[in-house]
Amino acid sequence: MTLLEREADLGALEAALRRALDRRELTLVVVRGESGIGKTMLLRTFADGVRGRHPEARVAHAEAREHDAGFGVLRVAVKKLREDEMRRGRKAARRAAALMQRVAPALLELVPVAGTPLSKTAQALIDNAGTEAAARDGGPFELTIGDQFIAYIGDRPLVLLLDDLHEADQATVDLLTQITLDLSRADLPVLLVTAFQPSSDDLFDGELPIEKSLCRLGRHIDLVLLDPRPLSVAGLTALAADVFGRSVPLQVAAWAQRRTRGNPFQAEHSLRTMLESGFADTVEKWSPGWVREYLEHVDLTLPGQIEAQLRLRLPRRGTPEHDLLSLAAVLGPEFYRADLAELSSWDGERLDAALAALTARRWITPAPDLGQAAYRFAHETILTCVITALRPQRVYRETHALVARRLDASLAETLDYFETLSAHYREAGLVDDQLRVVGMACKAAYSRPSWQAPILNLVNSVCDELARSERASYNCEALLLKSGLLNQMQQFETGHMTAVRAHEAALALGEPRLVTRALALRIGIESAGNPDFTRLDLARQVVDMWNSLGDREAQAEALYDLAVKCLRLGEWDAGLAALAEAEELGGPQARIYQVCGELLADGGRWAEAIAPLERARALFAEANSAVGVCAATGWHGLALARTGRADDGLEEVRTALATECETLRSREGAAKWLLFVGEYYLDADEPAKAGAPLWLAHELFGELAHVATARTGAAIDRLRAALGVEAYGALRAGFDPRTNSWSCYGFLWQLGPFTKFPGNPVLSPSGDGWQSIAVLNPAAIADGDRATLFYRAVGPGRTADVSSIGRADSDDGIAFTPAASPVLAPAEPYEQPGGCEDPRLVRVDDQWVLTYTAYDGRIARLAAATSPDLATWRRSGPMLDEGAWDEYFRRSEFPETPEGWSKSGAILPWKIDGRWWMYFGDTHIWAAWSTDLRRWQVIRRPVLSPRPGSFDSRLVEPGPPPVAHPDGILLIYNSADRDLRYRVGQALFAADDPTRLLRRSASPTLEPTVREEFEGYVLNVVFASGLVRRHDEWLLYYGMADSRIGLAVARA
């Protein structure tokens, strides 16, 4: 939100800073004002100005959170000061940081300020978080913190801006008070600014801890009081012009000022609601009479005095409306009548009456876009106030527990389900249940690789929460879950470090079961990351520890692990003895024979492996275990093939492959058997037969980012050496996955392979005007043999090159004739001076929707235009609300994404559950949905992100609009690696959930191979944005080095 009419307040803050600098004394400024009056924006603007005008000053702006405890706001302030120190860091600190980055990245943040008073201050705050007694009694903790701040400040000015202190608890405020008094006696250049929402008009008559503290400080320190004033009509006029993008009638600003009492936040909310209601669609209607009539007769259900009403009404417990509102707030911003009915004891009539009453008051509103009998809170202000009022009450936790148990009983395993359930158990204070749910999520992630990164974020947040728990066992349990998940993700180094931390925490607790679990996990992760790790002493120690705990099942598992290590070392007697002991403990005999057979085979003793594998297969069949039968059959087949019975053996391997594909649906399992077949052919001196299974295995392992990718790569290198480079190249070029006999086991799903048209480019720059520099990145449609491209055209501008959107038509999809003038040329402020770029085109109902990137020279915004006939176009403006996008977008989580950019929109041409969906984004790919193609709701995490070490390691962004696929939604996407080589990939999302990634190509679908793709406006680029199906072919149109347009063709 724009900062308006705050020049006087900024001047008063600057004067206070000057006083602190000139007199070398602490100056305390108190900023009071209601919610939304602009306190936070005022402090942020002032902080930015101080950093520019006083580079020698240290500046920290920290905000307290709801019911902030554990010295939260002070810890955040110290953290920000430490970050500032890191940015300023000395050469030695930079050298140490560089070394630590290579050796142990997790410790990097501790290096630059290690040993300084500020570091000690941070550690003291962490160690004593929540220690109310120390802060209240004026013990040595306070004196230590004050002394450390004094030592840290020295001669350099310090500016501390502490916001939302009405949320701070008594212990935090007491500590802040003592620090302030210590600093006031030290003759130091310090400016301390406190901001909060007052509980009464009189500062010294309030009930908040911060108000009582300021009353105490006022006896010792002169206070500078600031009360930011409401916006005037002139200020509202400027704000309205900023919201609407044009000047507005005076009546609109006066109405907003009167309606919201000049509160900038509520005023902006009111104006944006007017904008969304269609008020600004037709400028010619803005006559004084029409505006007056509109404002008199249209009730926009704005927040107004909602907060004051809630404060008065919420304490009155027992009314159906209040109870329903409380329950709905716990359910979330969107909720269903069915959930309310299930979780409450009300009859249907009473429930409907309460819903009707709250709807009439415009506190909630029906949400037909979510389904039947769905509702949402009319404004976030309402939800925030309800939660704030409920949080201290016991009923809040009880309701969370009730909701969590209902969700738990549903067993609906989705990613959102786990996150929501974990949050409910956390708010209910049921940590054991929360850890159980997180453990379920980690298990679910094993079979859903696309879930692993979001679930790791969930586990990390739980670890951060529990690190401060009074029960250290909770923290240890969370670390064990995290290390196990990292092991699944094959992040062995980080997983091992986490397991070590868990083991150390368990040893400190003295809990034998946790110690044993942690040690076993340590060994398992180290073994997975390093197959040569064979510490028999540790494996035996784990066996003995489970034995002492009397856990026979865990002891048997540990014996299996011991046997594997013994047999890998060639200690067959010891290994077989361990397997026999596992059998005595009740370990399944089939598993024992299976392990024995696999290890004999792994050791090259194929003939000896046949008998135990036959026995294992029979026992697994008796137990009706498809997984066991599949594994035993595959290994038995390999053993037969390796001992001279190739036909019988390979037929059994094909049986195992069929089971992996048709019954178990395991890509990892299929890839494993394909790899083994390829290696068999190499060892049998039949390299020509090894190619197909090895290439398919390599693709599958690559999709899974599996550690075995290195093994398939080594086997392919053997194949290349055996055949020679030329013969290998011919064999690879002739490989057709649609006809090869092994391909039915390869889980094929992608479009292609694509072959580039030999006559490329199909369109080049022309003339000396709007398309004379480059033509690129086209959208495409086809009608029979005819094709039409809408493409980005680049021509000279006044100060820089300018982009427009042109049109070209073709009778055959190859020879295109461009139109004489652009379809869209930059005309709106959000399009100038950069222009209109990179269109995508989709048919939606009875209209064409063209998405494009509007570039104003600083920010690339996703915009849209519509047409009924492809001839006349009407701009719809930016597609995403910038304020909402900034809220979704977290710079700290995605630091590499250009701030505020929301480009490259690819809309699904069909609805899913009554909603339109779109993929968009730069660097990461995000998803958004809409019911009207105008207002888009962004899903708050990326659905596709760059992959380290892959062809798409630096950025990804959508290509053409997605197409329907038998297994889901297929999206062709563009990407770049760390060297900015642009290539094309493919991704498959679930048909019923466009945010759930199912598959992702391990190798590029298209990459630069010819001079026109290596050299041009931007080097080394193929960028696909147009895809059409014509008869039995897919035509993929793409940009060549951002200069020309090329075509690639694949059989459909």
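Position one of the sequence shown corresponds to residue 1207 (my numbering), numbered consecutively onward. Ideal Cβ positions, reconstructed from N, Cα and C, are used throughout, including at glycine.
Consult DSSP for proline 2024 and reduce its assignment to one of helix, strand or coil.
strand
Neighbourhood of serine 1978 by C-beta distance below 6 angstroms, restricted to the same chain and skipping five residues each side
Once the five neighbours on either side are set aside, the close Cβ partners of serine 1978 are Pro1971, Gly2001.
With burial defined as no fewer than 16 other Cβ atoms inside 10 Å of the residue's Cβ, what is the status of proline 2154: buried or exposed?
By the neighbour-count rule (16 or more Cβ atoms within 10 Å), proline 2154 is not buried but exposed.
Given that a residue counts as buried once 16 or more other Cβ atoms are within 10 Å of its Cβ, and exposed if not, what is alanine 2006?
Alanine 2006 is exposed by the Cβ-count criterion.
Would glycine 1203 pass as a contact of alanine 1852 if the rule is Cβ separation under 9 angstroms?
The chain is shown from 1207 up to 2258; residue 1203 falls before or after that span and cannot be answered.
Using the rule of at least 16 other Cβ atoms within 10 Å of the residue's Cβ for burial, across every protein chain shown, is glutamate 1932 buried or exposed?
exposed
At what residues does the beta strand (DSSP E) containing glutamine 1800 begin and finish?
The continuous stretches of beta strand (DSSP E) do not include glutamine 1800, which lies in the alpha helix (DSSP H) extending over residues 1795-1808.
Any idea what DSSP makes of phenylalanine 1907, helix, strand or coil?
Note: phenylalanine 1907 maps to helix in three-state DSSP.
Euclidean distance between Cα positions of valine 2050 and aspartate 2173:
22 angstroms
Between the C-alpha atoms of threonine 1605 and alanine 1634, what's the straight-line distance to the nearest angstrom?
8 angstroms
Can you tell which of Gly2063, Val1454, Val1279 has its C-alpha closest to the C-alpha of serine 1380?
As written in the sequence, residue 1380 is aspartate, which differs from the serine given in the question. Comparing Cα-Cα distances from aspartate 1380 to each of Gly2063, Val1454, Val1279, the minimum goes to Val1279.
Quick one: Cα of valine 1913 to Cα of proline 1964, how far?
38 angstroms
Range covered by the alpha helix (DSSP H) that runs through methionine 1247:
1245-1259
Identify every residue that forms a DSSP beta bridge with glutamate 2259.
Absent from the structure is residue 2259, since the part of the chain shown begins at 1207 and ends at 2258.
Around the C-beta of alanine 1832, are 16 or more other C-beta atoms found within 10 angstroms, so that it is buried, or is it exposed?
exposed
For valine 2055, which residues in the same chain have their Cβ closer than 7 angstroms to its Cβ, ignoring the five residues on either side in sequence?
Val2048, Ala2070, Thr2072, Ile2113, Leu2139
When the distance is taken between beta carbons, is threonine 1961 closer than 9 angstroms to alanine 2256?
yes
Quick one: residues in its chain with C-beta nearer than 6 angstroms to the C-beta of glycine 1217, no 5 flanking neighbours on either side, listed in chain order?
none
For serine 2108, which of helix, strand or coil comes out of DSSP?
strand
Please state whether DSSP places proline 1660 in a helix, a strand or coil.
helix
DSSP three-state call for threonine 1994: helix, strand or coil?
strand
Of all the options Asp2183, Ile2118, Cys1867, which has the alpha carbon lying nearest to the alpha carbon of leucine 2161?
Asp2183
How long is the line joining the alpha carbons of alanine 1678 and leucine 1691, rounded to whole angstroms?
20 angstroms
Return helix, strand or coil for alanine 2256, following the three-state DSSP convention.
Alanine 2256: strand per DSSP, three-state reduction.
Return the chain-ordered list of same chain residues with a C-beta closer than 8 angstroms to the C-beta of leucine 1423, the five sequence neighbours on each side being excluded.
Leu1234, Thr1383, Thr1386, Leu1387, Leu1429
Do alanine 2196 and glutamate 2219 have their CB atoms nearer than 9 angstroms?
Taking 9 angstroms as the Cβ cut-off, alanine 2196 and glutamate 2219 do not qualify as a contacting pair.
Report all residues from its chain with a CB closer than 7 angstroms to the CB of glutamate 2099; omit the five preceding and five following residues, and keep chain order.
Legend: pLDDT at glutamate 2099 = 47, less than 50; position of this residue unreliable, value from coordinates given subsequently. Result list for glutamate 2099: empty, nothing under 7 angstroms.
Alpha helix (DSSP H) containing valine 1449: first to last residue?
1439-1450
Thinking just about the alpha-carbon of each residue, which of Ala1724, Trp2240, Asn1753, Pro1363 is nearest to the one in alanine 1988?
Trp2240
Under 8 angstroms by Cβ, that's how I've got alanine 1815 and alanine 1807 pegged, so tell me the actual separation to the nearest angstrom.
4 angstroms
Unbroken alpha helix (DSSP H) run spanning histidine 1709, endpoints
1698-1715
If you count every other CB in all the chains shown that lies within 10 Å of the CB of lysine 2117, and 16 or more means buried, which is it?
Sixteen is the threshold: since fewer than 16 other Cβ atoms of the shown chains lie within 10 Å of the Cβ of lysine 2117, the residue is exposed.
Assigned secondary structure, leucine 1791 (DSSP; H/G/I helix, E/B strand, else coil)
coil
Might you give, ordered along the chain, the residues of its own chain that have their beta carbon closer than 6 angstroms to the beta carbon of arginine 1543, omitting 5 neighbours on each side?
Cβ neighbours of arginine 1543 within its own chain (closer than 6 angstroms, five residues either side excluded): Ala1579.
Pairwise C-alpha distance: serine 2010 and asparagine 1663:
41 angstroms
Hey, would you say proline 1893 sits closer than 9 angstroms to leucine 1881, going by beta carbons?
no
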